[in-house]
Structure formats: C-alpha cells, structure tokens
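Residue numbers (my numbering): 243 to 690.
Just so you know, even glycine gets a beta-carbon here, dropped at the ideal spot from N, CA and C.
Everything numeric in this text was worked out from a predicted model, so none of it was measured.
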Ligand code: ADP
Ligand code: MG
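Rendered as structure tokens:
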C-alpha cells in the first residue's frame, strides 16, 4: 500500500474519532511523509500544529496506524510547510459528517492557542459547574470589568481547561480586535527559561503583557519556581492595572497552593474564585452523549448509561472509553450493544490499570539490566544516562505525565533536566536506529 493510500485509510478512522473541528483544524492537515523500519514520519504545516497533534493525538494516531499496518510503529512529527498550501484547498470532508454539525462561526487566530471545540456550545452545564459557567458568561460579556481575575479550581478532568478555552473562544468571537492568549503555566515557565537563555526576555514580556485577555491553565505549576512567580506577578499587574482580563485555573484553591509568594496568592484571590465539582451521574451521562454527538457517533441509551455509571473517576477517562469503543466498533464493523460494551470495557479497564509510571521505570531498567533504583539514582554512567532518558521520554510521550511529576519520579530532578532528556531523545530518534529499537522493544513489552 502506498503512503498516500495508507494515510487516507488512517484519516478515515481519525475522522470519526474526534470532533469535526478538531479533525478539520488539526488532523486533516497532516501527511504521512515516510514509513520505514516502523518509524512513521508525519508532516504538520507549522510548529504550533505539530506540538498540538503530537501532544494530544500521539496515541490515537499510533493506535490507528498500528492497526492499519498490523505492525507496532513509532511516530515522529516534523514540519512540512508545503502542507499549509495544499490542505487549504481541500474542502471535501467525505460522507462521515452530517452537514448540519455545529461549526465555529468565525475562525480564531491560531496564535491565541485556543482549541476551537472547547467552546460553550459543547460545554454541558449541571449542578457541579453552574456557578462557574454563569460567572464565565458574565466575563465574556464584559471582559476585564466584572470578575478580574477569574480563578477556577477543581480536580482532574472536571472541565477547567474546557471552560477556560470556552471563555477565550467566546471573547474572540465577540471582540474582533482582541488579542487573546491561552497558555499553560508549564509553557509560560518553559518559555521564560528559554527567553532567559536566548536573551529574548523583551520579546517574552511583550508577548504576555500586550494581550487583552490572558488565560493561564494550571497555575499551581509555578509553585516553588521563584523566577516564574516574579515574572508572572509583573505580567499580572501590567494586565490587571490596564483593565485586561486574566483567567486562571488550578487544581486547588489559591490559598492552598504551596510555595507561592503571598503577594501572588492575594492577587489570585482579588477577583472571583469558583470551584467545579466532579460531575454526578446525570451530568456524566449528558457529557458522554455530547462527546458522542460531536463525533456523530450514536449508541443505544443503555450503553451511554452503562458508561456513565461505570466510569465515575473522571471525564477524560470516560471520553477515552467512548473513543476506544468507537474505534473497536468501526474495525469490527458490528453495532455496539450493551454486551459488546461490557465485554470490551472489561478489557479496557484492565489495560489502563496495568501500565503505571512504576512499571515504565521497572521495564526500562530491566531492558538495560539495571535496577530501578539505579535508573532513578545519581550515577552519570553513559548507559545508565541513556536508559534514564528513554524512561523519561516514555513517561512523557506515552503516559502524558507533567514534567514536574516525571522529575519527582526520577529521583527528584527538576523540570529543565527532564526537558533536556526529552529533547535529546527526540533529536536522536530519527537518526539512531539502535535507540529506536530499544524504545520499540520497551514499548512492546508495555503493550503501548
Ligand atoms: P481539567 O482541565 O479540569 O482537568 P478538562 O477540561 O481537560 O479537565 O476536561 C476533560 C475532558 O472532559 C475534556 O474532553 C472536556 O471536554 C470534557 N469535559 C469536562 N467537563 C465538561 C463539560 N461540562 N461539558 C463537556 N465536556 C466536558
Ligand atoms: Mg486541565
């Protein structure tokens, strides 16, 4: 099968696995440039899309590609500028989409960093989040003038990221001339470190201090990072004092974030602080139906109920289960009924429970005949360093762990050494076959 044909088949599956806007805005713009020795090189039109697609859809694309090729592949994402020209002229989305599916009214500048499908239309409102939702709507009507800053906190997967993007998208729709910036606190920190190294701090300051609305996700990430806090404090003041809107999310209340200066905490608390609670059954059911509808995927009511009842922990997992069910149903070409879902879901649960960070560490150590303790220790022996870098790479790429968490797991290292390790593996990946073999073998043993 030639590359184009193979990629077309992969794309057909991707189309039904994500919402139309995500597909159109991201995945449809990619191309398979090369596939040799189980390394698939995937081209993206610009660095922004490359990072988004790689961070969010690595495992989805890999899963579909592995099935299509009946092989275990690794993916490398690169930039191919030719793509930005070709894909713009492609309009036909194929028969999988209903003509009347909701679409964005107006395209938002990609530089804002906003995900188009995280908007208010797709945000389900219930008892767990109605206060946060109402406050968000008020902010959209009068950015900078009602609640500033707006601080949203809550546990994993309760919809904080969705809501903050929805605020950004709605403000962008209503204010053509507004410059909006969505950023995770992790990216803010990384860009700051980078700007200091490259001596581009003025550019950094301009970027953050000259926007009309700054949306910072997971602000708790700046805990313990003095320089980031200092810079964020000044950014915040510059924006706040000139009436620009600041929206922050966090996994806990402002006063409970450890190792953050008091002056920042009091800034965070100076506007409106709201929480989002874990959704109850009714809300989980509504959300899972919404997610299926976004993908034009229909399921019997009893299957929706079964999913909403069984997966209580968080919505991301619930969504993951739905998506895997869709892919499975597609490849089996059979309708999904309750029995199918029950059988399938049993095995899905077992699998996700099996691969933990601990297992990644112990398998990687074993692969190189080291002990996990040595892998996480201080020795700089070259073989050990490579093994350590690979473990870090897998924890980031396959388990999607935050840099700080990986640092903690690998013997208390800071996030810059974790970033360095990931960069190092990424740089060598395409040219170093033995490295790829090692990674593939470990991945196989983990069944990624
Ligand atoms: P958090 O940032 O709080 O960890 P996210 O915003 O990433 O959570 O939400 C996880 C997933 O659940 C996303 O796909 C999001 O769209 C979905 N989700 C969460 N809450 C809602 C909601 N109220 N309506 C629709 N989707 C939701
Ligand atoms: Mg989030």
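> Taking C-alpha atoms, which residue in 251, 656, 524, 256 lies nearest to residue 537?
Replying inline: Among 251, 656, 524, 256, the Cα nearest to that of residue 537 is on 256.
>> Relative to the C-alpha of residue 253, which candidate in 622, 569, 602, 575 has its C-alpha closest?
In response: 569
> Residues in its own chain within less than 7 angstroms of residue 587 by CB, not counting five upstream and five downstream?
Replying inline: Contacts found: 552, 563.
>> One question on the structure: do residue 360 and residue 388 come within less than 8 angstroms of each other, judged by their Cβ atoms?
In response: no
>> Going by beta-carbon coordinates alone, are residue 697 and residue 631 separated by less than 8 angstroms?
In response: Coverage of the chain is limited to positions 243 through 690, which leaves residue 697 absent and any answer about it impossible.
> Can the beta-carbon of residue 490 be found closer than 8 angstroms to that of residue 463?
Replying inline: no
> Between residue 580 and residue 544, which are expected to be in contact by the criterion C-beta below 8 angstroms, what is the C-beta distance as a whole number of angstroms?
Replying inline: 5 angstroms
> Three-state secondary structure (DSSP) at residue 594?
Replying inline: Because the pLDDT at residue 594 is just 49, under 50, the model does not fix this residue reliably, and the point stays unresolved.
> For residue 317, which of 576, 283, 396 has the nearest alpha-carbon?
Replying inline: The closest CA to that of residue 317, considering only 576, 283, 396, is found on 283.
>> Please give the ranges of any alpha helix (DSSP H) in the stretch 449 to 512, keeping only runs that are unbroken, at least 4 residues long and fully inside the region.
In response: 468 to 483, 504 to 510
> For residue 504, which option in 535, 471, 533 has the closest C-alpha, if you only look at C-alpha atoms?
Replying inline: 471
> Should residue 402 be listed as close to ligand 4, given that the test is whether its C-beta is under 7 angstroms from any heavy atom?
Replying inline: Among the ligands present in this structure, namely ligand 1 and ligand 2, ligand 4 is not found.
> So, do the stretch 412 to 424 and the stretch 450 to 459 have three or more beta carbon pairs nearer to each other than 8 angstroms?
Replying inline: yes
> Which residue from 285, 664, 265 puts its Cα closest to that of residue 246?
Replying inline: Among 285, 664, 265, the Cα nearest to that of residue 246 belongs to 285.
> Which same chain residues, not among the five before or five after residue 672, have their C-beta less than 6 angstroms away from its C-beta?
Replying inline: 318
> Whose C-beta lies closer than 6 angstroms to the C-beta of residue 517 among residues of the same chain, with five residues either side of it excluded?
Replying inline: 395, 396
>> I want to check one thing, is the minimum distance from the CB of residue 364 to the heavy atoms of ligand 1 below 7 angstroms?
In response: Result yes, Cβ under 7 angstroms from ligand 1.
> Hey, quick one: how far does the beta strand (DSSP E) through residue 396 stretch, first residue to last?
Replying inline: 392 to 396
> By how many angstroms is the C-alpha of residue 610 removed from the C-alpha of residue 244?
Replying inline: 36 angstroms
>> Measuring only the C-alpha atoms, how far is residue 328 from residue 271?
In response: Note that residue 328 scores 43 on pLDDT, short of 50, meaning its location in the model is unreliable; the coordinates nonetheless yield the value given after this. So the two alpha carbons sit approximately 9 angstroms from each other.
>> I'd like the span of the alpha helix (DSSP H) that includes residue 534, first residue to last.
In response: 523 to 536
> In terms of alpha-carbon separation, which member of 276, 248, 296 lies closest to residue 668?
Replying inline: 296
>> Output needed for residue 340: all residues of its chain with C-beta closer than 6 angstroms, excluding positions within five of it in sequence on either side, in chain order.
In response: With a pLDDT of 33 at residue 340, under the threshold of 50, the modelled position of that residue is not reliable, and the figure given next carries that caveat. Within the same chain, residue 340 has close Cβ partners 538.
> Looking at the unbroken alpha helix (DSSP H) that takes in residue 267, where does it start and where does it end?
Replying inline: 262 to 267
> From this set, 604, 585, 465, 482, which residue's C-alpha is nearest residue 499's C-alpha?
Replying inline: 465
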